[in-house]
Amino acid sequence: MYISISHYFFPKDADLNAIYNFVADGNTAFISAIQMDSSFLAGMYSNMLHAEIFTHMMPVSLTKTSLHLQDTSSAKNTYSYFYLPFASYFSKTDSIISRTLGYNQFNKPNCIVIFWGKGRLYLHCDARAMSNYFLLSGNNAEYFTRLMQWMPQNPSVIYWDDFYRRNSVAGKDGSGSGLAFLFTLPALAMAFILLIFLLLIYMLVGAKRRQRIVPVIKAPENASVKFAEAIAGLYLNQKDNKTIAEKMILYFNEYTRAHYFMQANISTAEFNEALSRKSGVAKEWVQNLSLHIHKLQNASQVSDSDLLILNELVQQFYKSRK
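First residue of the sequence shown? That's 5 in the numbering used here, and the numbers climb one at a time after it.
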């Protein structure tokens, strides 16, 4: 018995012939993969539509997705977990030599058996159903158990092929690479060669020296002026210095939390010392700022001069920090 569970299953011609002959001689093969070689499926008069094509074209949300075997689509015979939908399925099968064994949540066939020669070839189009994440969810281990019940009982030899789990494509020397997979598909190979050719032309034509564009450097903004304008607008509209001071203190506390991971407790000496050490601002300046903040927090009203002093202390802290 031969078993292969992997993300990709793209065997070379020699491997294809070996699998065909192995099954035809009366043996059993079980292959589960998210993507399978189209030529391999065509040799079995089948075709598969894998869901990864659509996940690259449009966003797919995590959801509760399920599988079931044969016609047992009732709730107790449905095996589900929370992840990307089981959307892959066999879009073409030969009913003369094959039979459907399992379905995805859309009632599309995702597990088939092909009677080939004297043996049987089991194809499963979503290897995620063999993962620990799926099998350890609820009673999903029963799904794998029932699936294996169709296999021969007590086979003399089990060939567990781990090659395709580690390699997407078989190379000539037994190794796999993305480039090797690219050249196994004629259309992708031609597109890759054309891309290299166009890139060489671009490099030859665009190799002449070009003058760099001089970037436009914006004049530095005067934060004090912008703050003064904001203060003036609020002052003319509401003349509420207390609220303005509270907002400034709130923004300063949020700044210390986001940059120095410190919860604001401006009244403690330990906080002042830690803030001075982390920010690099002189301890005396931090103490002056904390005292002024404490003063304004306890005041029922805030004068214009107190508000400007608070702004000066906060701006000086921002300029002096590391």
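For each residue, glycine too, the CB sits at the ideal point set by N, CA and C.
Which whole-angstrom value describes the C-beta separation of residue i and residue j, a residue pair presumed to lie in contact below a C-beta threshold of 8 Å?
| i | j | result |
| --- | --- | --- |
| Y93 | L53 | 6 Å |
| N38 | D130 | Before going further, note that residue 38 is Ile rather than Asn in the sequence given. So it is a contact: roughly 6 Å between Cβ atoms. |
| H296 | L311 | Not quite, the Cβ-Cβ distance comes to about 10 Å (not below 8 Å), so this is no contact. |
| V264 | K282 | According to the sequence displayed, residue 264 carries Tyr and not Val. Right, their Cβ atoms sit about 5 Å apart. |
Are the CB atoms of residue j and residue i within a distance shorter than 7 Å?
| i | j | result |
| --- | --- | --- |
| Y163 | Y6 | yes |
| V290 | S280 | yes |
| N350 | S294 | In the structure as shown, the chain begins at 5 and stops at 326. Residue 350 is therefore absent and cannot be evaluated. |
| V285 | F256 | no |
| H72 | Y107 | yes |
| G121 | A28 | yes |
On the DSSP bridge list, what partners appear for residue i?
| i | result |
| --- | --- |
| L379 | Residue 379 lies beyond the residue range present for the chain, which begins at 5 and ends at 326; the question has no answer from this structure. |
| H128 | S36, C115 |
| F330 | Nothing in the structure corresponds to residue 330, since the chain is present only between 5 and 326. |
| W120 | G123 |
Would you tell me roughly how many angstroms separate the C-alpha atoms of residue i and residue j, rounded to the nearest one?
| i | j | result |
| --- | --- | --- |
| S70 | D41 | 25 Å |
| L151 | K16 | 27 Å |
| L208 | L20 | 43 Å |
| V306 | K326 | 30 Å |
| N292 | Y137 | 57 Å |
| I253 | M266 | 15 Å |
| P113 | Q74 | 9 Å |
| I221 | L300 | 39 Å |
| T272 | A249 | 20 Å |
| F90 | T104 | 16 Å |
| Q242 | D308 | 13 Å |
| F201 | S43 | 28 Å |
Quick one: what's got a C-beta closer than 6 Å to residue i's C-beta in the same chain, skipping five residues either side?
| i | result |
| --- | --- |
| Y126 | F34, V117 |
CB-CB under 8 Å to residue i, same chain, minus the five flanking residues each way: which ones, in chain order?
| i | result |
| --- | --- |
| S50 | F94, K96, T97, D98, S102, I116, I118, L127 |
| L203 | none |
| L66 | F86, Y87, L88 |
| T32 | M5, Y6, G123, R124, L125, Y126, M155, P156, P159 |
Tell me which same chain residues have a C-beta within less than 7 Å of the C-beta of residue i, skipping the five on either side of it?
| i | result |
| --- | --- |
| S10 | A37, A131, Y168, R169 |
| S135 | none |
| L139 | A145, F148 |
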